[in-house]
Structures are given as structure tokens and as C-alpha cells.
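Engineer: Residue numbers for the sequence shown follow our numbering, beginning at 60 and rising by one.
Note that the Cβ used here is the ideal one computed from N, Cα and C, for glycine as well.
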Amino acid sequence: MNTATKKTMAALASLVAAAMLLTAAATALTAAPDKPEPSAALTMTQSSQSAYLVRSVDGYVAVFDFNKPGEPITETLIRVDGLRAVDRGKLEAGIPADSYEDVLKLLEDFGS
60 MNTATKKTMA ALASLVAAAM LLTAAATALT AAPDKPEPSA ALTMTQSSQS AYLVRSVDGY
120 VAVFDFNKPG EPITETLIRV DGLRAVDRGK LEAGIPADSY EDVLKLLEDF GS
């Protein structure tokens with residue numbers, strides 16, 4: 060496979076991952092309309108923690124809910140073995156992301 064094809068496939072994988080995350084976020088927001096508003100203390104606690112964790116699973120980049128790291132929200136087609144050594148090391152430990160936008164930036168960086 061040539062470099063242009065690899066880049067195109069990585070970009071496509073990033074877009075698919077982004078779409079899947081948006082769908083998951085939209086579903087989560089609309090799934091519980093009767094849920095009461097959280098207290099101010101709970102909101103402050105949640106905002107001081109990361110929302111997502113990006114790490115490797117079976118050789119690919121995956122995105123997890125930070126509080127539920129056992130099951131990925133989505134798995135991308137971005138291969139870990141194609142990344143720089145420093146990025147592979149970070150992914151093994153897990154990269155916390157505070158927002159969905161931060162996740163998208165990480166996936167874009169890994170996919171390019």
C-alpha cells in the first residue's frame with residue numbers, strides 16, 4: 060500500500076471514529092431525559108476529572124469512558140505499530156482526555 064493510500068485510510072478511520080463518538084455522545088445525552096440535574100458539587104468533581112481515555116487494544120487505538128475503562132466506546136482502525144515509539148508508550152499507559160474535542164485531536168494526530 061502506498062503512503063497516500065495509508066494516509067487516506069487513516070483519515071477515514073479518524074472520521075469514522077469521530078462519527079461513532081458523536082453518535083455515542085448523542086445517544087447518552089438523549090437516553091435519560093428524566094434524569095435529575097447533578098448537584099454543583101458533583102459537577103465540579105466530574106469536570107476536574109478526565110472524561111475519556113485513549114489507549115491501545117489489540118494493536119489498534121481505542122477510546123474508553125474514563126470511569127469505565129473495561130469496554131471501549133469505540134475502536135478505530137488506527138494501528139498502534141504505525142505510530143511513533145513515544146505515542147505507543149503513551150497509549151499503553153492510556154492518554155486521558157478531558158473532552159470529546161481532545162479525543163478528536165488525538166485521533167487526528169494519530170491518523171495523520
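Quick check for students: name the residue ranges of the alpha helix (DSSP H) that lie wholly in the region 105-156, counting only runs of 4 or more.
Structural biologist: Runs found: 144-152.
Engineer: Less than 9 Å between CB atoms is the rule here; does Leu165 satisfy it with respect to chain C?
Structural biologist: Absent here is chain C; the protein component of the structure consists of one chain.
Engineer: Please look up how many angstroms separate the CB atoms of Ile137 and Phe169, rounded, as I've assumed it's under 8 Å.
Structural biologist: That belief holds up - the Cβ atoms of Ile137 and Phe169 are roughly 5 Å apart, short of 8 Å.
Engineer: Taking buried to mean at least 16 other C-beta atoms within 10 Å of its own C-beta, is Ala121 buried or exposed?
Structural biologist: Buried: at least 16 other Cβ atoms inside 10 Å.
Engineer: Buried or exposed: Ala152, going by 16 or more other Cβ atoms within 10 Å of its Cβ?
Structural biologist: Exposed is the call here.
Engineer: Using 9 Å as the threshold, is the C-beta distance between Ser115 and Arg147 below it?
Structural biologist: In contact: Ser115 and Arg147 (Cβ atoms closer than 9 Å).
Engineer: Going by beta carbon distance, what residues of the same chain come within less than 6 Å of Pro128, once the five residues before and after it are set aside?
Structural biologist: Excluding sequence neighbours, Pro128 sits near Leu112.
Engineer: Whose C-beta lies closer than 7 Å to the C-beta of Tyr119 among residues of the same chain, with five residues either side of it excluded?
Structural biologist: Here the set comprises Glu134, Thr135, Leu136, Ile137, Arg138, Val139.
Engineer: Among Asp117, Glu160, Ser171, Val145, whose alpha-carbon lies nearest the alpha-carbon of Thr109?
Structural biologist: Reading the sequence as shown, one finds Ser at residue 109 and not Thr. If we check each option's Cα against that of Ser109, Glu160 comes out closest.
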